[in-house]
């Protein structure tokens with residue numbers, strides 16, 4: 001039984017560099033979510049996909065952020081021209097949604113980004 | 117807009133005793149779900165328990181139970197027989213409109 005996996009687990013980058021994170025959801029899950037969590041706070045929603053379609057994006061997702069899920073399986077989150085304020089834990093979650101039924105989201109271990 | 121409030125930044129509990137973690141919420145959506153997650157120091161969010169807004173009975177999962185009071189808009193988590201491994205951050209979250217909104221969390225510390 002494999003859960004949600006994320007790669008890398010830690011990333012240190014210099015301000016202005018681009019970074020890309022990967023998330024592999026639980027295989028039968030059709031929804032994939034990205035959240036950001038800063039120290040001492042709860043996670044904040046960034047965006048989510050249903051299969052390969054990106055259906056919602058938070059205002060937190062500036063134009064430097066882009067997310068893709070090209071084949072409805074794994075997803076990537078790219079941050080361009082990183083800023084120190086981007087330092088956070090980036091969490092990926094997946095769930096199975098069918099009609100109006102709602103199911104719990106399973107989270108990955110997160111990618112901790114440090115921008116120096 | 118949805119809002120989750122957790123008013124206890126930190127809580128201590130003696131091992132083997134029960135503890136209640138508070139959560140209040142605000143939403144205008146008639147259909148929503150309430151979740152509790154545990155986040156140990158390793159960082160992974162672990163799902164604990166779910167309560168649907170139309171569920172008549174309070175949810176229970178092993179040592180976890182959710183005290184759902186819809187009129188008061190509260191969804192408190194009760195952990196019975198606390199264990200040292202329960203020491204972690206606990207987040208209350210609400211799902212409405214296809215995303216989770218989280219509270220600020222409560223750090224629970226279990227004393228031996």
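Chains as they are written, first to last, in the working numbering: chain E, 1 to 116; chain Y, 117 to 228. Note that CB positions come from ideal geometry on N, CA and C, so glycine has one too.
### Task
Let me know the secondary structure DSSP gives residue 126(Y) once reduced to three states.
In the structure shown, residue 126(Y) falls within a strand segment according to DSSP collapsed to helix, strand and coil.
### Task
Anything in chain E within Cβ reach of residue 200(Y), meaning under 7 Å, just list it in chain order.
Those within 7 Å of residue 200(Y) in chain E number zero; the least Cβ separation is about 22 Å.
### Query
Name the DSSP beta bridge partners of residue 154(Y), please?
Residue pairing of residue 154(Y) in beta bridges, as defined by DSSP: 162(Y) and 206(Y).
### Message
For a test of the three-state rule: what should DSSP assign to residue 39(E), helix, strand or coil?
### Response
When DSSP states are grouped into helix, strand and coil, residue 39(E) belongs to the coil group.
### Query
What residues match up with residue 11(E) in a beta bridge as DSSP calls it?
Answer by DSSP bridge pairing, in chain order: 113(E).
### Task
Run down chain Y in chain order and give the residues with a C-beta less than 9 Å from the C-beta of residue 41(E).
218, 220 and 221, listed in chain order.
#### Entry: Close Cβ partners of residue 217(Y) (< 6 Å) along its chain, the five nearest in sequence each way excluded
So the list reads 118, 120 and 210, once near-sequence residues are dropped.
#### Entry: Whole runs of the beta strand (DSSP E) within the region 19 to 84 of chain E, excluding any shorter than 3 residues
When DSSP assignments are scanned along the region 19 to 84 of chain E, the uninterrupted stretches of beta strand (DSSP E) that are 3 or more residues long and fall wholly within it turn out to be 19 to 24, 31 to 37, 44 to 50, 53 to 57, 65 to 68 and 75 to 79.
### Task
Give a yes or no on whether 8 Å exceeds the smallest Cβ distance from residue 110(E) to chain Y.
Residue 110(E) counts as touching chain Y.
### Message
Check this for me: beta carbons of residue 193(Y) and residue 137(Y), under 8 Å apart or not?
### Response
Against a cut-off of 8 Å, the Cβ pair of residue 137(Y) and residue 193(Y) comes out as a contact.
### Query
Sorted by chain position, which residues of the same chain lie with C-beta nearer than 8 Å to residue 200(Y)'s C-beta, five sequence neighbours on each side aside?
Excluding five sequence positions before and after residue 200(Y), the CB atoms of its chain that fall closer than 8 Å to its own CB belong to 131, 226 and 228, given in chain order.
### Task
Could you check which residue in 90(E), 55(E) and 98(E) has the C-alpha nearest to that of residue 108(E)?
Residue 108(E) has its Cα closest to that of 90(E), out of 90(E), 55(E) and 98(E).
### Task
Using DSSP bridges, identify the partner residues of residue 224(Y).
Answer is 127(Y) and 204(Y).
### Query
Taking the C-alpha atoms as reference points, what is the distance between residue 212(Y) and residue 84(E)?
Rounded to the nearest whole angstrom, the C-alpha separation of residue 212(Y) and residue 84(E) is 31 Å.
### Message
Within 8 Å of any Cβ in chain Y, is that where the Cβ of residue 45(E) sits?
### Response
Yes, because at least one Cβ of chain Y sits closer than 8 Å to the Cβ of residue 45(E).
### Query
Do you know whose CA, among 166(Y), 147(Y), 134(Y) and 197(Y), lies nearest residue 207(Y)'s CA?
Looking at 166(Y), 147(Y), 134(Y) and 197(Y), the one whose alpha-carbon comes closest to that of residue 207(Y) is 166(Y).
### Task
Say whether chain E places a C-beta atom closer than 8 Å to the C-beta of residue 131(Y).
Chain E contact via Cβ: absent.
### Message
Contact defined as beta carbons within less than 8 Å: I believe residue 76(E) pairs with residue 20(E). What is the distance between those atoms, to the nearest angstrom?
### Response
Right, their Cβ atoms sit about 6 Å apart.
### Message
For residue 127(Y), would you say it is in contact with chain E, using Cβ-to-Cβ distances shorter than 8 Å as the test?
### Response
Interface annotation, residue 127(Y): not in contact with chain E, CB-CB separation never under 8 Å.
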